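Visitor:
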Amino acid sequence: MEKPQLRVLLVEDNPNDRDLILRELTKGEFEITSEVAQTAEEFRLRVKTNCPDVVLADYNLGQWRGTEALDILREEGLDIPLILVSGVLGDVTAVECIKRGVTDYVLKDSLARLSVALRGALKDKRTREERQRAQESLAQKVEELARSNRDLEQFAYVASHDLQEPLRMVAAYTQLLGDRYRGKLDDQADKYIGYAVDGAARMQSLIQDLLAFSRVGRQQTELKNTDCNVIVSQAIRDLQAAIAESVAVINCEPLPSVQANESQLKQVFQNLIGNAIKFRGPETPVIHVSAQRQDSVWLFTVADNGIGISPEYAENIFTIFTRLHTRTEYPGNGIGLAICKKIIERHGGKIESLPREGGGSIFRFTLPAARIAEGQESG
Amino acid sequence: MNPNETDILLVEDSQDDADLALHALRREHLANNIFIARDGEEALDFLLCRGPFSERSFDHPPKLVLLDLKLPKVDGIEVLRQLKDDARTKSIPVIVLTSSKEERDLVRSYDLGANSYIQKPVDFEQFRETVKTVGLYWIVVNRLPPPGLARRSAEQGTS
Amino acid sequence: MTVKTAEILLVDDNPADRDLTIEALSQSLWPSNVSTAIDGADAMTFLRREGKYNKATRPNLVLLDLNLPRKDGRSVLAEMKSNAALRRIPVVIFSTSQAPLDVERCYDLGANSYVSKPSTLQDWMTAVKLLKEFWIGCACLPREEN
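Chains as they are written, first to last, in our numbering: chain A, 328 to 706; chain Z, 8 to 166; chain F, 137 to 282.
Take a look at the structure:
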């Protein structure tokens, strides 16, 4: 079997030692091509021109030390393993050398170990190179993915934006047709027009939701110190009609201030509280909003006593356009939670849903705690 | 009340008319924060953020100005002229609300850039209806100019 | 001083939108005549009473879309507001654009009001009716001088 090739640069000024080492090398498992350098200048020149696979350097080189070869390698930006070959090397010195970056050292009276050292050095180098390649490949893929995501979001936004106007025309005129000719054509016509009107209205609603969803990605997430108590009050105010209709009770514990985009965070609370009201059970909806500090994050909780969510859907519900009920049971396109998730993740947090003991759902999300003076945070 | 949170600036020297307007606006739940300026000078100081109102900011203009024409110190036409001449305030919607029946006032007002012109009804019920329509149209249907943009574009010289 | 029958000029290049607005305008109590222009150049010709429009009545109110072929709405607005005879005519921008920059720009050019075209039929009808209720039922519009 052919021996694998190995190019060695030997830094040795003593001819006897040189021969000794070379002889040992030829006995080993590699097919050796070797060169010799004695001075630092010669070393620098040869290592740059011939790019050896490994450097074997004597520690004591008269005018200079083998470890200086290491400095030269570093200066030239060359990642070549350096194995020190030495007569006597105290343990302390040996450890020092390894700390400085010498790959291994072999004592001159145990040259048999040279093969092992070489093998080890090369293996390390190969591993390092593979890891480097893998990292570069990963970085590239991440960049590609990011670009692809941006393109997709841009597309979703432009498409839904441009679809609005023709959609408006279809929706408005099918309705006008319906208004004008209801009962004047035949039943079939009324039915068909009804389907068209419903379809158009659904499309409008979907497009608007899609726009809202893609807008989250487009907005600058300008983070400001945001008082969550104020935000939740605003959300509740905007939900007045639904609250009045359901006679919902909303209990809100004191909440902290966090670094957030105000309008987006308000949307999160509004969606979660709105859902809690919408998906209510037979009892009066009671909704509880609270927050707890956990290390470097705030954990917000919105709990309700509504119809709850089967655990098997707990993750799925955060996917865009996922609905668990028919439109006749509960209205909506299934985008509220997808928007919440997107917003929370853009803020560096996580959101999840859990079943509540006694019935209902618990929605929890984290937000990084503001790094402002502790005194400003309430709760 | 924070003058930077004014919804409507009512410029009216007559106490009766001011009360009427205030009453109607409140009844229709159109505005929470209404500031009343009693003469043209006060109105200009308020909107140009000067004098006693130097704490006010051009980034928080009132949503609407209801402007009577017959005012002491500085009359309504002059107030209108100055407001519409100044890049920082020209976008604020100004509705002339006056008892004047002069055709001249109507034309002058629109020429100077008044957004609209309304003759004050004498009957309270009619006045209420008018105020309701004004509110519904200007604050709900109409898109108000985005605050802050005017000042910024004036500073950048892009307006 | 208020006009008997309002003369409205509707400037919109989309025939479907035009018809929708005309439909909405006709449903309101206040009497009005609606003339239409299909682009900005057409609108200016009408307003200046040139060519085929030399017998036209000057409108008391203009509903103006922004994105028009040949001459866009912003140019029409600018021209109207810098013309001594035309500047007094109230112009209500009626456009699909909701961009704050567009809104600000129009007010800056002298637009009297700005209404975004609503997305549903019902909202459209309501908006136009309120528009008419305010501008024709409530406000005083400049009468055409001879």
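Note that beta-carbon positions come from the ideal geometry of N, C-alpha and C, so glycine has one too.
Remember, predicted model here, so these are calculated numbers, not experimental data.
#1: Tell me which residues of the stretch 504 to 518 of chain A have at least one Cβ-Cβ distance to chain F shorter than 7 angstroms, keeping chain order.
#2: What did DSSP end up calling Trp166(F) once you bin it into helix, strand or coil?
#3: What residues from the stretch 93 to 123 of chain Z come within 7 angstroms of chain F, judged by C-beta to C-beta, listed N to C?
#4: Name the chain F residues whose beta carbon is nearer than 8 angstroms to that of Thr140(Z)?
#5: Would you kindly check if the distance between the Cβ of Val264(F) and the Cβ of Thr157(F) is under 8 angstroms?
#6: Can you list, in chain order, the residues of its chain with a C-beta nearer than 7 angstroms to that of Leu388(A)? Leave out the 5 residues immediately preceding and following it.
#7: Quick one: Cα of Glu329(A) to Cα of Glu369(A), how far?
#8: Give me whichever residues DSSP pairs with Trp391(A) in a beta bridge.
#9: Does chain Z have any CB closer than 8 angstroms to the CB of Asn248(F)?
#10: Pull up the CB-CB distance for Ile671(A) and Phe692(A), whole angstroms please, since I reckon it's below 8 angstroms.
#11: Just confirm the distance between the C-beta atoms of Leu146(F) and Leu199(F), as a whole number of angstroms; I'd bet it's less than 8 angstroms.
#12: Which residues does DSSP list as the beta-bridge partners of Phe209(Z)?
#13: Given this structure, state the Cα-to-Cα distance separating Ser688(A) from Gly675(A), to the nearest angstrom.
#14: Give, in chain order, every unbroken run of the beta strand (DSSP E) that is at least 3 residues long and sits entirely within the stretch 91 to 131 of chain Z.
#15: Under 6 angstroms Cβ to Cβ from Ala523(A), same chain only, skipping five residues before and after it: list those, please.
#16: Label Lys426(A) either buried or exposed according to how many other C-beta atoms from any shown protein chain fall within 10 Å of its C-beta, with 16 as the threshold for buried.
#17: Quick one: what does DSSP say Asp340(A) is sitting in, helix, strand or coil?
#18: Should Glu423(A) be labelled buried (16 or more other beta-carbon atoms within 10 Å of its own) or exposed?
#19: Kindly indicate which residue of Pro695(A), Gln594(A), Ile348(A), Val497(A) has the alpha-carbon position closest to the one of Leu664(A).
#20: Would you say Leu145(F) faces chain A, with C-beta separation under 8 angstroms as the test?
#21: What would DSSP say about Tyr432(A), mapped onto helix, strand or coil?
#22: Compare the C-beta of Ser233(F) with all C-beta atoms of chain A and state if any pair is closer than 8 angstroms.
#23: Distance, Cα to Cα, Gln22(Z) vs Arg620(A)?
#24: On the DSSP bridge assignment, give the partners of His615(A) in chain order.
#25: If the cut is a Cβ gap below 7 angstroms, which residues of chain F does Arg495(A) touch?
#26: What are the residues of the stretch 81 to 93 of chain Z that lie near chain F, defined by any Cβ-Cβ distance shorter than 8 angstroms?
#27: Who are the neighbours of Trp260(F) on chain A, taking C-beta pairs under 8 angstroms?
#28: Could you tell me if Thr353(A) is buried or exposed, where buried requires 16 or more neighbouring beta carbons within 10 angstroms of its beta carbon?
#29: Could you pull out every residue in the same chain whose Cβ sits closer than 7 angstroms to the Cβ of Lys207(F), ignoring the five residues on either side in sequence?
#30: Just the Cα atoms here: how many angstroms apart are Cys276(F) and Gln163(F)?
#31: Let me check understanding here. Comparing Cα to Cα, which of Glu395(A), Arg334(A), Leu538(A) lies closest to Thr376(A)?
#32: With 16 as the cutoff for other CB atoms within 10 Å, does Ala568(A) come out buried or exposed?
#33: Counting only C-beta atoms, is Gln547(A) closer than 8 angstroms to chain F at any point?
#34: Going by C-alpha to C-alpha distance, which of Pro658(A), Gln597(A), Glu471(A) sits closest to Arg529(A)?
#35: Could you pull the DSSP bridge partners for Leu73(Z) from this structure?
#36: Taking C-alpha atoms, which residue in Ser61(Z), Leu90(Z), Glu62(Z), Ile102(Z) lies nearest to Glu19(Z)?
Guide: In brief:
#1: none
#2: Trp166(F): coil per DSSP, three-state reduction.
#3: Lys97, Ser98, Lys108, Glu110, Leu113, Val114, Tyr117, Asp118, Gly120, Asn122, Ser123
#4: Leu266, Glu269, Phe270, Gly273, Cys274
#5: yes
#6: Val338, Asp340
#7: Within the model, the alpha-carbon separation for Glu329(A) versus Glu369(A) is close to 32 angstroms.
#8: Bridge partners of Trp391(A): Leu388(A).
#9: Taking CB atoms only, Asn248(F) has a neighbour in chain Z less than 8 angstroms away.
#10: 5 angstroms
#11: 5 angstroms
#12: Outside the displayed span of chain Z (8 to 166) sits residue 209(Z), for which this structure offers no information.
#13: If you take the alpha carbons of Ser688(A) and Gly675(A), they lie about 23 angstroms apart.
#14: 101 to 105, 123 to 126
#15: Thr501
#16: exposed
#17: coil
#18: exposed
#19: Gln594(A)
#20: Not an interface residue.
#21: strand
#22: no
#23: 55 angstroms
#24: His615(A) is bridged to Asn578(A), Ala630(A).
#25: Ser255
#26: Result list empty, no residue passes.
#27: Ala499
#28: Under this definition Thr353(A) is an exposed residue.
#29: Non-local beta-carbon contacts of Lys207(F) in its own chain, meaning distances under 7 angstroms to residues more than five positions away in sequence, involve Asp175, Gly176, Ala177, Met180 in chain order.
#30: 21 angstroms
#31: Arg334(A)
#32: Ala568(A) should be labelled exposed.
#33: no
#34: Pro658(A)
#35: The beta-bridge partner set that DSSP reports for Leu73(Z) consists of Leu17(Z), Ile102(Z).
#36: Considering only alpha carbons, the answer is Ile102(Z).
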